[in-house]
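As structure tokens, this is what we get:
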């Protein structure tokens with residue numbers, strides 16, 4: 034009910050902004066956790082931690098997860114619902130004459146508008162990225178942006194328009210872009226300016242807004258010592274630093290080396306940081322919560338604890354940092370997510386934030402007794418717990434404090450995150466901070482009297498200190514562009530923190546200068562009662578207003594049209610007089626979608642039922658007097674959750690038995706996928722035989738038909754590894770016919786025989802590769818298949834095939850890729866492997882094949898051109914052109930005894946090729962050009978050129 038009410042209220046908030054109703058329903062799918070969301074079947078690509086939600090465009094479905102915060106859920110819902118709303122408006126346009134006009138909605142606008150509607154430009158975290166760009170003079174032109182920065186720049190630009198010209202101008206601008214083919218024309222129409230001038234005003238306003246902060250804040254390099262270098266190691270995230278109990282080292286999360294992993298650095302920074310645990314490569318640590326995972330030390334100064342996503346749910350790991358090994362795994366059932374944690378000073382227990390039953394609460398796990406105690410139990414988001422030095426209490430962040438709602442028409446915009454203290458012995462809870470801006474990552478010094486926390490009180494996130502004895506507050510750091518998390522050394526003299534500056538989060542270190550801090554008086558702690566009263570502020574009965582309403586007419590008679598007869602009854606002799614003030618007879622009645630003020634029908638809550646809808650349908654049909662009906666049809670259907678899929682492929686060719694038909698069904702709801710298919714496949718070969726003399730040539734038609742059943746079982750061991758079992762049972766028929774020149778048709782087909790075939794195969798797939806713009810750059814990929822075919826109890830073939838690939842990222846943008854392909858097939862009718870092509874020697878352009886195959890390839894991948902700028906005849910900019918330099922050696926053959934690699938100093942059955950070429954990612958495909966040469970060590974062939982639309986292997 035809460036989710037439904039939130040969705041309905043959000044819709045009418047958006048309708049108020051967008052000024053126009055939609056005429057179609059928007060399905061909204063809520064997942065109870067991020068892990069459940071990442072396992073969705075609504076779209077097939079694997080989702081990562083960076084994806085917060087999405088709107089699927091085919092059926093206009095909104096898909097979002099719950100992360101423990103109802104305020105975040107509402108904000109995310111408005112963002113994704115804006116996408117769906119705009120999609121619905123666009124589809125309504127396509128159904129009208131307006132679709133005759135082309136439209137252009139830039140990516141920064143399509144993502145910036147949902148961001149603006151969800152935050153109205155008031156979120157300090159979002160503005161941090163713009164602040165960083167402005168003060169570092171790296172603000173790009175908005176039309177040249179893509180990816181995440183398009184969200185931030187688009188939101189900032191549209192916020193500027195709303196604050197300068199009024200919020201209504203946003204929708205005027207949107208509809209102008211939607212109805213015109215150029216951004217300059219739309220901008221001129223709405224603002225009387227060309228786009229570059231409008232953008233220039235926005236850029237000037239950003240400088241006016243952010244550059245004064247340089248006077249009031251420090252650059253990180255002036256007051257902090259930078260410990261990680263994202264520009265050198267290619268990292269983007271360096272987060273959650275934590276001092277060891279002796280204060281001689283610290284651990285942190287980092288994406289250096291392209292994997293989000295755990296690293297350790299020394300107090301004085303005299304040696305390079307070292308990686309302790311490599312993440313995101315196996316089912317043990319599939320992923321971390323980038324902004325919700327934390328690290329904590331045991332008192333032995335050697336072991337650390339942290340939580341991670343695994344192939345079997347979240348768990349807590351204990352790692353020995355000296356041995357760099359996992360020494361203990363703690364699996365807790367029924368949790369949807371395990372977030373931040375902290376180890377008790379006596380090492381006997383761990384406190385953590387855990388999510389289940391649509392709540393994020395605090396729990397205490399006893400390492401000795403294995404008992405689990407729930408400390409909080411309500412719908413408020415409780416997070417980031419830290420033990421006090423005596424171990425008898427904890428401090429934590431929570432959204433249970435309230436402020437004046439930023440958005441009066443939302444359900445949870447009044448929630449505010451502050452710092453609280455909970456006594457573990459008596460359960461007494463006190464609120465320590467009373468800020469209107471969110472506060473987080475609390476920690477206490479060794480005396481337990483000084484509270485450190487992070488907050489953006491003045492608009493820029495920094496570290497603050499609160500003296501609990503004197504009730505005074507001081508700002509500890511005052512740097513740009515935003516501190517995310519920090520930790521205080523055990524002696525209270527040093528700080529290690531994560532700060533965003535120059536396009537990345539880095540770890541910084543500094544000494545605490547207590548005598549230089551400026552303190553102000555602060556309110557003393559306030560007692561609070563832990564109550565589960567979040568939903569008391571939400572009137573769930575409002576949902577009753579949103580039941581199904583009777584369909585109202587979309588078009589009505591204009592009230593200016595007057596009838597001669599007041600009773601409106603029209604006889605054949607009736608006359609109508611039209612008001613001369615308006616010639617319109619009909620008008621659009623939009624009141625049917627007004628926000629309801631009365632209860633008409635109470636909404637029904639029903640269990641989900643599978644209902645199929647059309648995904649794709651295309652093909653063609655024709656009739657031939659010779660062949661009859663011919664055509665092609667592709668059809669696919671799925672349900673709203675994506676758990677069921679049906680595919681039909683039909684290639685009609687006269688008679689049904691001569692047509693190709695494939696019907697398949699996939700069941701994806703469980704961890705194991707099940708598939709079944711029915712097929713009738715035809716293949717034929719025409720042979721021409723020249724006959725000496727006056728006779729016509731002889732034409733022979735050889736036909737083969739396969740009719741049977743296909744079964745598929747697919748089980749993922751983890752995000753990276755799965756096994757597949759394929760089975761085919763089919764009848765194979767063979768026919769032969771000849772062309773009869775006298776009757777001008779084929780003779781009656783002769784049945785050469787029938788076979789019953791059973792063809793099973795087992796495939797093992799492993800893939801943890803990370804991709805660049807044109808192909809994999811880091812990780813491993815493996816495909817191993819064993820397949821056989823049994824015909825009437827006789828072995829047709831037994832085939833083993835291996836494709837192993839390894840990628841080493843040895844610099845920020847340079848990678849070395851290697852590939853090994855081997856295959857062997859035995860039996861009465863062994864399968865054959867080709868030597869050339871994508872899975873062989875690219876320099877070889879012949880047709881050589883064999884029953885055995887071995888190919889090895891090594892390839893250097895590097896940045897080729899940063900930008901290619903063309904001025905004439907058309908202005909064109911092509912960024913990030915990559916290059917490859919490769920060498921390949923391999924062979925195919927039938928008999929080991931006859932194989933001869935070299936002969937007289939030259940390669941014989943072994944083939945060696947090499948080459949190079951550029952690659953360009955054009956968005957919808959990758960354009961690759963390979964220039965290759967073949968050599969036998971004594972002669973080099975002429976170059977061969979390959980132009981392809983495929984990524985690097």
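In the working numbering, the protein residues as written are 34 to 986.
Glycine residues also receive a C-beta, built at the ideal position from the N, C-alpha and C atoms.
Keep in mind it's a predicted model, so treat the numbers as computed, not measured.
Contact between residue 977 and residue 965 holds, since their C-beta atoms are separated by about 5 Å, short of 8 Å.
Around the beta carbon of residue 219, a 10 Å sphere encloses 16 or more other beta carbons of the protein chains shown; the residue is thus reported as buried. A check of alpha carbon separations from residue 250 across 346, 513, 500 identifies 513 as the nearest. Residue nearest to residue 550 within the set 524, 511, 533 is 511 (criterion: CA-CA distance). According to DSSP, residue pairing for residue 638 in a beta bridge does not occur.
Cα atoms of residue 800 and residue 391: separation of roughly 32 Å, rounded to the nearest angstrom. With 16 or more other Cβ atoms from the protein chains shown falling within 10 Å of its own Cβ, residue 253 counts as buried. With contacts defined as CB atoms closer than 8 Å, residue 705 and residue 747 qualify as a contacting pair. Annotation for residue 168: the continuous alpha helix (DSSP H) segment containing it runs 157-168. Taking a cut-off of 8 Å for Cβ pairs, the segment 180-197 and the segment 117-124 do not touch, as fewer than three such pairs fall below it. Sequence-distant Cβ neighbours of residue 774 in its own chain, meaning closer than 6 Å and more than five residues away, are 729. For residue 516 and residue 73, the gap between their C-alpha atoms comes out near 34 Å. Rounded to whole angstroms, the gap between the alpha carbons of residue 665 and residue 714 is 14 Å. The three-state secondary structure of residue 917, taken from DSSP, is strand. The three-state secondary structure of residue 843, taken from DSSP, is coil.
DSSP links residue 436 through a beta bridge to no other residue.
For the pair residue 854 and residue 840, the CB atoms are not nearer than the 8 Å cut-off. Sequence-distant Cβ neighbours of residue 711 in its own chain, meaning closer than 7 Å and more than five residues away, are 696, 742. For residue 539, DSSP records a beta bridge to 532.
In its chain, beyond the 5 residues on either side, 807, 808, 959 have a beta carbon closer than 7 Å to the beta carbon of residue 984. Below 8 Å, enough C-beta pairs join the segment 102-114 and the segment 149-157 to call them touching: three or more.
The DSSP assignment places complete beta strand (DSSP E) segments of no fewer than 3 residues inside the segment 814-893 at 827-842, 848-859, in order along the chain. In this structure residue 333 is exposed. Its beta-carbon is surrounded by fewer than 16 other beta-carbon atoms within 10 angstroms. Your pair residue 418 and residue 445 does not check out as a contact, with CB atoms roughly 22 Å apart and the cut at 8 Å. One alpha carbon belongs to residue 140, the other to residue 179, and they sit about 7 Å apart. Membership of residue 966 in the beta strand (DSSP E) is indicated by the continuous run 959-968. Bridge partners of residue 308 according to DSSP: 296. Residue pairing by DSSP places residue 649 opposite 669 in a beta bridge. A straight-line Cα-Cα distance of about 56 Å links residue 578 and residue 794. Residue 71: member of the alpha helix (DSSP H) spanning 67-71, first to last residue. For the segment 558-588, the continuous beta strand (DSSP E) assignments of 3+ residues that do not extend past its boundaries occur at 559-561, in sequence order. Within the same chain, 271, 539, 540 come within 6 Å of residue 261 by CB-CB distance, once the 5 residues on both sides are set aside. The straight-line gap separating the alpha-carbon atoms of residue 507 and residue 246 is approximately 19 Å. Residue 415: member of the beta strand (DSSP E) spanning 415-420, first to last residue.
The segment 887-894 makes contact with the segment 920-930: 3 or more CB pairs, one atom from each, lie closer than 8 Å. In the structure shown, residue 520 adopts extended strand secondary structure according to DSSP, grouped into three states.
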